[in-house]
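Structure, as structure tokens:
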Amino acid sequence: MKKWKIDRIISIATLVTSVIALLLVLKKPQPVAQPLPAAAAAEKAQSFQDKIQELDRPKEPGETPAEVRISSDEVSAAIAQAAGALAAPSAGGLASSLSTPDATVGAGQPDVKDYQVSFDGDVAHGQFLTQIGGKDVWVTLSGHLGSKDGYATFDPTEFKVGDLNIPVSLVNDALQKKLLEQHDRLKLPDNVGGIKVENGELVMTQR
4 MKKWKIDRII SIATLVTSVI ALLLVLKKPQ PVAQPLPAAA AAEKAQSFQD KIQELDRPKE
64 PGETPAEVRI SSDEVSAAIA QAAGALAAPS AGGLASSLST PDATVGAGQP DVKDYQVSFD
124 GDVAHGQFLT QIGGKDVWVT LSGHLGSKDG YATFDPTEFK VGDLNIPVSL VNDALQKKLL
184 EQHDRLKLPD NVGGIKVENG ELVMTQR
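The sequence shown begins at 4 in this note's numbering and counts up one residue at a time.
Structure below.
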């Protein structure tokens, strides 16, 4: 009888834990950024374009490469503007299926409905709304953005599905594999020599 009670308690505890985990997965997390009003978004998108064009300016002999600093609002507005005519960014492909942590960043291109971007210190935060098992689920990914040999790199520091934290060690291999599959889409523009996040801004250096 005692053993049965212990087994029963374990079974109930396991069920409760599973339910809590499911609720956390379906729960909308704290947003990493707030949406901008249409007029402000258009202004930020134009500011993004103006700064990018600075990198096209020819360098004089001996001149230091130009460097532009772009806010997360400008990046978000530019992404939103581009999404009107283009498919969602490849970063959305990091959110796939939820059957296992590896599968969360596994094969396939999910339908990304919404995304937010923010920068905090030297960390970039991305949040994507996708469908998993017929349910809308938010995936949050944070980490260090950089570049190597003309391509963007990403070193994750946090991974969440809904409001549920998943250890980065469980998903990093799958994430890096996904980034490798998307390698061509991570190539930096010809006029960009390097990128990083610094002091809450995206820093792009002229090639």
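Backbone N, C-alpha and C fix where the C-beta goes; we use that ideal spot for every residue, glycine too. Small disclaimer: the values here were computed from a predicted structure and weren't measured.
For residue i, the three-state DSSP class (helix, strand or coil)
i           : result
residue 155 : strand
residue 211 : Nothing about residue 211 can be reported from this structure: the residues present for the chain run from 4 to 210 only.
residue 150 : strand
residue 176 : helix
residue 138 : strand
residue 2   : A question about residue 2 goes unanswered here, because the residues of the chain that appear run from 4 up to 210.
residue 201 : strand
residue 190 : strand
residue 73  : strand
CB contact check: residue i to chain D, cutoff 8 Å
i           : result
residue 149 : Reference to chain D is not applicable here, since this structure consists of a single protein chain.
Between the CA atoms of residue j and residue i - distance to the nearest angstrom
i           : j           : result
residue 122 : residue 201 : 8 Å
residue 140 : residue 164 : 7 Å
residue 54  : residue 66  : 18 Å
residue 147 : residue 71  : 18 Å
residue 46  : residue 161 : 31 Å
residue 3   : residue 42  : Nothing can be reported for residue 3, as the shown portion of the chain is limited to 4 through 210.
residue 80  : residue 172 : 32 Å
residue 239 : residue 170 : No answer is possible for residue 239: the residues shown for the chain start at 4 and end at 210.
residue 126 : residue 134 : 26 Å
residue 37  : residue 76  : 9 Å
residue 180 : residue 74  : 29 Å
residue 39  : residue 63  : 38 Å
residue 49  : residue 56  : 11 Å
residue 117 : residue 124 : 24 Å
residue 61  : residue 159 : 35 Å
residue 132 : residue 78  : 18 Å
Own chain partners of residue i with C-beta closer than 8 Å, once the 5 adjacent residues on each side are dropped
i           : result
residue 34  : 119 and 130
residue 153 : 190 and 191
residue 168 : 161 and 162
Supposed contact pair residue j and residue i - C-beta distance, whole angstroms, cut 8 Å
i           : j          : result
residue 208 : residue 32 : Not a contact, Cβ separation roughly 32 Å.
residue 44  : residue 85 : Contact flag wrong, Cβ pair sits at about 12 Å.
residue 196 : residue 68 : 6 Å
Cβ shell of residue i (< 7 Å), same chain only, five flanking positions each side left out
i           : result
residue 156 : 149 and 150
residue 105 : Caution is warranted here: a pLDDT of 44 is assigned to residue 105, below 50, making its placement in the model unreliable, and the coordinate value is therefore given only provisionally. Contacts found: 174 and 177.
residue 182 : 157 and 189
Residues near residue i by beta carbon distance below 6 Å, same chain, minus five either side
i           : result
residue 194 : 58, 59 and 210
residue 199 : 149 and 206
residue 128 : 35, 121 and 145
Cβ-heavy atom distance, residue i to the ligand ADP, below 7 Å
i          : result
residue 79 : No copy of the ligand ADP appears in this structure; indeed no ligand is present at all.
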